[in-house]
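Written below as C-alpha cells is the structure these notes are about.
Residue numbers (UniProt numbering): 1 to 338.
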C-alpha cells in the first residue's frame, strides 16, 4: 500500500445547495422583549380598566353639560303668559288678545295658545286623566318664543298685558334661568373635578404599573447593556413592546365605553314614551355623547399610549444609568436595590 497516497477530495456542492445549507443554519430569532408574560397581561388589564373609567367619566360630564345647556336654551327662548279664569272673562278671546299683544313687541318671534287638550295632558300626571277643565279653575297658557340675542322689553310687555287683561300674568323665566345656570355651572364643575381625579388616578396607576412590569424585566436590560447594546436601542425595544400593550388595553377600554354609550342611546330610542325612559331623559337628557365625546375617548386612548410609552423609556434609561453607576462603584448596589 502506498502510504503517501493523496486522499480523494469530494466534489464541491453546487452553489444553490450551499446557499440552502447556510439558510438552514440560521436560527429563528425571537423578540428581545417577551411578547407576552404575566406582567404584560396585568398591565394591559389595568390600562383597560382605567381607560374605561376615564372615558365613562368624560362622556358623562359632556352629556350633563349638553343637557344643562339644552335646558337653559329652551327656557331662555320662551316666555309664558298665564291667564287665570274669571266668570266675566271670555277665555278664548283673552288668549288670542294676549298672544297678539305680545307679538307686537320687538324681539318676539311667535306665539302658541295651549289648547284644552294640551292643558289636560300637562295636568294629567298630578290630577289623573279625564279632566273637565270647565269645572276646575285652571289657568290657560300662551307660550311666546323670543329672540335670545335681542329679547323684548319684559317690563313694558307685563304692563301692557296687565292694563289690557287684568287676569294675565307674564312669566319671563329669568328666575328659573338664573337658578338653572347656577345649577349647571355647579354640576359641570363637580363633573370636571371628578374627571380630573379619575384621570389623575389613571395616570398614576399606568405609571406605576408600567414601572412594575419593567422591574420584572430588569435582567433583560442588564444583559442587553452588558453585550454592548446602546441605551437608545434598548429603550426603543421596550417602547415598542409597551406601546402595543397600552394600545390594546386603552383601545379595549375606550371601545367598551363607546359601546356602552351607543347601547344606552339605542335603548333610549327604542323605549320612548315609557315612564322609565321619560324620567331618565328628563334627568340626564339623551345618552348620545356626539362626535366630540367620541373624539374625547380617542384622545384618552392616545394619551394613555403616549404616557405608557414615555414611562417605559424613562424607566429603561434610568435602569441603564443605575447599572453604569453600579459598575463604576459596586458599593452603590445596596443603595439602588433599596
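Think of the CB as a built atom: it goes at the ideal place given N, C-alpha and C, for glycine as much as any other residue.
In the DSSP assignment, residue 168 falls within the unbroken beta strand (DSSP E) covering 168–171. Rounded to the nearest angstrom, the gap between the Cα atoms of residue 144 and residue 92 is 16 Å.
In the same chain as residue 147, and ignoring 5 residues on each side of it, the C-beta atoms closer than 7 Å to its own belong to 107, 109, in chain order. A straight-line Cα-Cα distance of about 25 Å links residue 63 and residue 149. In this structure residue 184 does not touch residue 98 by the C-beta definition: roughly 31 Å separates them, more than the 8 Å allowed. A straight line joining the alpha-carbon of residue 85 with that of residue 94 spans about 10 Å. The residues 58, 59, 62, 63, 261, in chain order, have a CB closer than 8 Å to that of residue 293 in the same chain once the five nearest residues on each side in sequence are set aside. Assigned with DSSP and collapsed to three states, residue 78 falls in strand. Around residue 114, the same chain offers 122, 140, 141, 142, 143 as residues with beta carbons nearer than 8 Å, after the five sequence neighbours per side are excluded. Rounded to whole angstroms, the separation of the alpha carbons of residue 75 and residue 152 is 15 Å. Given a length threshold of 3 residues, each whole run of the beta strand (DSSP E) inside the region 111–194 is given here in chain order: 140–146, 168–171. Under the criterion of beta carbons closer than 8 Å, residue 209 and residue 46 qualify as touching, at roughly 5 Å. One thing to note: residue 254 has its Cβ within 7 Å of the Cβ of residue 55. The C-alpha of residue 224 lies about 7 Å from the C-alpha of residue 234.
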